[in-house]
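**Q** Using this note's numbering, you'd call the opening residue of the sequence shown number 3 and step up by one each time. My questions all concern the structure below.
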Amino acid sequence: MTDLVVRRLLVDMEQPIARHWCAGDAFRTALFNALSMSFPFGEQFFIDSVRNGFKELPPEKQERFRAEVQGFVGQEATHRRLHALYNAHLEKQGLVNSWEARARERLQLLQGQDVRHWLGITAANEHFTAIFADFMLHNADLLGDQDERLKTLWLWHSAEESEHKCTAFDLYQALGGSHEWRVRWMRRVTMFFLTDALRQTVSNLRRDGTLWKWSTWRSGASYLFGKRGLVTLTYKPWKEYFRRDFHPMQQDSSASVRWLETHGDKFVPVGQSVVPA
Ligand SMILES: [Fe+2]
Ligand SMILES: [Fe+2]
Numbered sequence: 003m004t005d006l007v008v009r010r011l012l013v014d015m016e017q018p019i020a021r022h023w024c025a026g027d028a029f030r031t032a033l034f035n036a037l038s039m040s041f042p043f044g045e046q047f048f049i050d051s052v053r054n055g056f057k058e059l060p061p062e063k064q065e066r067f068r069a070e071v072q073g074f075v076g077q078e079a080t081h082r083r084l085h086a087l088y089n090a091h092l093e094k095q096g097l098v099n100s101w102e103a104r105a106r107e108r109l110q111l112l113q114g115q116d117v118r119h120w121l122g123i124t125a126a127n128e129h130f131t132a133i134f135a136d137f138m139l140h141n142a143d144l145l146g147d148q149d150e151r152l153k154t155l156w157l158w159h160s161a162e163e164s165e166h167k168c169t170a171f172d173l174y175q176a177l178g179g180s181h182e183w184r185v186r187w188m189r190r191v192t193m194f195f196l197t198d199a200l201r202q203t204v205s206n207l208r209r210d211g212t213l214w215k216w217s218t219w220r221s222g223a224s225y226l227f228g229k230r231g232l233v234t235l236t237y238k239p240w241k242e243y244f245r246r247d248f249h250p251m252q253q254d255s256s257a258s259v260r261w262l263e264t265h266g267d268k269f270v271p272v273g274q275s276v277v278p279a
């Protein structure tokens, strides 16, 4: 069981966001902005999955999960609130969020389905965010120094994603979710996640007027496939999810612990939201 603290981040999200806030880099800015666009809707889905999964547990198992689920819900609710403020600035810049509309449409297909499917999808997404988070925490310099506030936002979010990476997975297991469905959902989530992230990044670049610049894609290739590229470094931890004996705890979380320990001045712990019995 993980002890999850809900933290209020001490950043001012009312101030506008620069067009290329991420180290002056068009590609990285567009990619991070795309990810931010997916959070308010996606994280609500994760909250609903975990809440509904918790309710399906027999009472004797609920006690083991109660505090952790409260922490998970509180953390994700805080993330989505701040990313909604972030996204409002992007909208003012003329960027259009099409990722959310596609995800909303897919959600219709899941209505009425076994909660284990919801949790299988959530656990797969949480694995994605956890390995991406660990990458971010190890490569914080790639966020640049132009906007300390956004750098803090991304690293805090990363630290908490790494912290709560087991919750959906453990609930899925506790409800008897199978290995076969777990990996099946990971394959599908990977396909959707990569396609959506690419489409939204391209759309952001097109509206930014930097889609056809050589420098954009040179930077993109280096950020994704370079020696310390995102894809280069996360491929192995992504693949480990397919092992029958995989558990998120097997992957290192020390970068998250370290960041939270050394950035206590950036947040204050707050009370947790309540999960009904
Ligand atoms: Fe989150
Ligand atoms: Fe999460």
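Don't be surprised by glycine CBs; every beta carbon is placed ideally from N, CA and C. All of these numbers come straight from a predicted model, not from anything done at the bench.
1. Closest by CA to D136, which one among P271, Y88, R118 and V233?
2. Apart from the five residues on each side of it in sequence, which residues of its chain come closer than 7 angstroms, Cβ to Cβ, to A32?
3. Following the continuous beta strand (DSSP E) through R21, name the residue where it begins and the one where it ends.
4. Let me know the beta strand (DSSP E) ranges lying completely inside the region 195-250, each 3 residues or longer, listed in chain order.
5. Any heavy atom of ligand 2 inside 7 angstroms of the beta-carbon of T131?
6. For P278, which residues of its own chain have a beta-carbon under 8 angstroms away from its beta-carbon, when the five flanking residues on both sides are left out?
7. Spell out a yes or no on whether the region 78-85 and the region 33-51 are touching, meaning 3 or more CB-CB pairs, one atom from each, closer than 8 angstroms.
8. V98 and T169 - do their beta-carbons sit closer together than 8 angstroms?
9. Less than 7 angstroms between C-beta atoms, sequence neighbours within five positions excluded: which residues of the same chain meet that for Q46?
10. Would you call the region 116-129 in contact with the region 162-176, where contact means no fewer than 3 C-beta pairs closer than 8 angstroms?
11. Work out the CA separation of H119 and W183 for me, nearest whole Å.
12. Provide the residue(s) that pair with F269 in DSSP beta bridges, ordered along the chain.
13. Could you give the first and the last residue of the continuous alpha helix (DSSP H) run that contains K153?
14. Could you check whether the Cβ of E102 sits closer than 7 angstroms to any heavy atom belonging to ligand 1?
15. Between E165 and ligand 2, is the CB less than 7 angstroms from at least one heavy atom?
16. Output needed for P271: all residues of its chain with C-beta closer than 6 angstroms, excluding positions within five of it in sequence on either side, in chain order.
17. What number of angstroms, rounded off, separates the C-alpha of E165 from the C-alpha of L196?
18. Under 7 angstroms: does the beta carbon of H81 sit that close to some heavy atom of ligand 1?
19. Check L255 in the structure and name its three-state DSSP category.
20. In three-state DSSP terms, what is P42?
21. Which of the three DSSP states is assigned to G114 in this structure?
22. Can you tell me the Cα-Cα spacing of T264 and D14, whole angstroms?
23. Which ranges would you report for the alpha helix (DSSP H) in the region 63-127 if only whole runs of at least 4 residues count?
24. Say yes only if the C-beta of F48 is nearer than 7 angstroms to one or more non-hydrogen atoms of ligand 2, and no if none qualify.
25. Quick check: the Cα distance between W261 and L92, rounded to an integer number of angstroms?
26. Please determine, among G76, Q64 and R201, the residue with the shortest C-alpha to C-alpha distance to F313.
27. Please determine, among A199, H159 and A223, the residue with the shortest C-alpha to C-alpha distance to R104.
28. Just checking my contact of F74 with S221 at CB under 8 angstroms: how many whole Å lie between their CB atoms?
**A** So, from the listed chains and residues:
1. V233
2. T203, N206, L207 and D210
3. Note, R21: premise wrong, no beta strand (DSSP E); not H, not E.
4. none
5. Of the heavy atoms belonging to ligand 2, at least one sits nearer than 7 angstroms to the Cβ of T131.
6. Interpretation of P278 is limited by its pLDDT of 48, a score under 50 that renders its predicted location unreliable; no figure is taken from the coordinates.
7. yes
8. Not closer than 8 angstroms, so no.
9. R82
10. Touching, per the Cβ criterion.
11. 8 angstroms
12. L11
13. E150 to E165
14. Exclusion of E102 from the 7 angstroms shell around ligand 1 follows from its C-beta lying no nearer than that to any non-hydrogen atom of the ligand.
15. no
16. V7 and R9
17. 23 angstroms
18. Within the cutoff, so yes.
19. Sequence check: residue 255 is Ser here, not Leu. Correct three-state label for S255: coil.
20. helix
21. Three-state result, G114: coil.
22. 20 angstroms
23. 101-110
24. yes
25. In this structure, the straight-line span from the alpha carbon of W261 to that of L92 is close to 27 angstroms.
26. This structure cannot settle anything about residue 313, because the visible part of the chain is limited to 3 through 279.
27. A199
28. For F74 against S221, the beta-carbon gap comes to about 35 angstroms, at or over 8 angstroms, which does not count as contact.
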